[in-house]
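Asks:
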Amino acid sequence: MRTAGLVLAAGAGRRYGGPKAPVILDDERLVDRAVRLLRAGGCDPVVVVLGAWIGDVARAQVVVNDDWRSGMAGSLRVGLAALGDNIDRVVVALVDHVGLTQAAVARLVASPARLAASAYEGERRNPVLIGREHWASVAESAVGDSGARTYLDAHADEVDLVEVGDVATPDDLDRPTRSARSPDR
Numbered sequence: 459m460r461t462a463g464l465v466l467a468a469g470a471g472r473r474y475g476g477p478k479a480p481v482i483l484d485d486e487r488l489v490d491r492a493v494r495l496l497r498a499g500g501c502d503p504v505v506v507v508l509g510a511w512i513g514d515v516a517r518a519q520v521v522v523n524d525d526w527r528s529g530m531a532g533s534l535r536v537g538l539a540a541l542g543d544n545i546d547r548v549v550v551a552l553v554d555h556v557g558l559t560q561a562a563v564a565r566l567v568a569s570p571a572r573l574a575a576s577a578y579e580g581e582r583r584n585p586v587l588i589g590r591e592h593w594a595s596v597a598e599s600a601v602g603d604s605g606a607r608t609y610l611d612a613h614a615d616e617v618d619l620v621e622v623g624d625v626a627t628p629d630d631l632d633r634p635t636r637s638a639r640s641p642d643r
């Protein structure tokens with residue numbers, strides 16, 4: 459089974475004060491960190507969806523969501539459409555998920571499920587894994603900033619929860635911190 463990675467990184471980061479993809483944390487841009495973790499966790503290829511900020515991203519296929527202002531759902535659709543026919547499943551990650559680890563991605567990839575989500579103490583969170591047979595329905599049900607949430611809620615009995623709380627946290631970066639800085643500062 460071939461599992462790709464998909465990084466949703468098109469947003470403007472309104473609460474943060476600017477796009478998060480180029481933000482530097484521990485000497486690494488968030489977008490590069492996400493690609494690195496997905497690849498190290500077993501995802502190949504990795505697709506990154508950009509929009510509010512556009513730049514080069516090593517070791518990833520970059521696609522642009524021209525309608526990035528409409529929310530995460532549009533980026534999810536653009537990213538799913540960019541995946542090749544030889545991909546069976548995709549791990550969808552958010553660029554600002556600073557609590558994500560390689561071990562958490564590897565656990566998700568190791569799941570035989572066709573629909574799975576990371577769980578932190580039993581609570582469903584990101585990233586999520588989606589089998590190809592669900593992509594069209596996920597794309598159709600995605601609205602605004604809900605991404606795949608609506609579809610996963612409607613199919614909760616089919617979602618394999620993969621506990622990763624012992625190797626990762628659900629922490630994301632919504633506000634600037636001392637350790638994270640914009641590249642122009």
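Note that the working numbering has the sequence shown beginning at 459, numbered continuously upward.
The beta carbon of each residue, even a glycine, is placed where N, CA and C say it ideally should be.
Who are residue 463's beta bridge partners in DSSP?
Replies: 504, 549
Asks: Can you tell me where the alpha helix (DSSP H) with residue 495 in it begins and where it stops?
Replies: 488-498
Asks: Measure the beta-carbon distance from residue 507 to residue 466 and round it to whole angstroms, keeping in mind my assumption that it falls under 8 Å.
Replies: 6 Å
Asks: Given a cut-off of 7 Å on the beta-carbon distance, is the pair residue 573 and residue 555 in contact?
Replies: no
Asks: Could you give the DSSP three-state label for residue 625: helix, strand or coil?
Replies: coil
Asks: Rounded to whole angstroms, what is the Cα-Cα separation between residue 619 and residue 545?
Replies: 22 Å
Asks: At the level of alpha carbons, what is the spacing between residue 528 and residue 626?
Replies: 30 Å
Asks: Count the other C-beta atoms from every protein chain shown that fall within 10 angstroms of the C-beta of residue 580, then say buried if there are 16 or more, exposed otherwise.
Replies: exposed
Asks: Is the region 465-479 in contact with the region 492-512, if contact means three or more CB pairs nearer than 8 Å?
Replies: yes
Asks: Please classify residue 565 as buried or exposed, where buried requires at least 16 neighbouring CB atoms within 10 angstroms.
Replies: buried
Asks: Look up residue 524 in the DSSP assignment and say whether it is helix, strand or coil.
Replies: Note: residue 524 maps to coil in three-state DSSP.
Asks: Could you give the residue range of the alpha helix (DSSP H) that holds residue 574?
Replies: It is not in any alpha helix (DSSP H) - residue 574 instead sits in the beta strand (DSSP E) that spans 573-578.
Asks: Measuring only the C-alpha atoms, how far is residue 489 from residue 471?
Replies: Pairing residue 489 with residue 471, the inter-Cα distance amounts to about 13 Å.
Asks: Specify whether the region 594-614 and the region 529-541 touch according to this definition: at least 3 beta carbon pairs, one from each stretch, less than 8 Å apart.
Replies: yes
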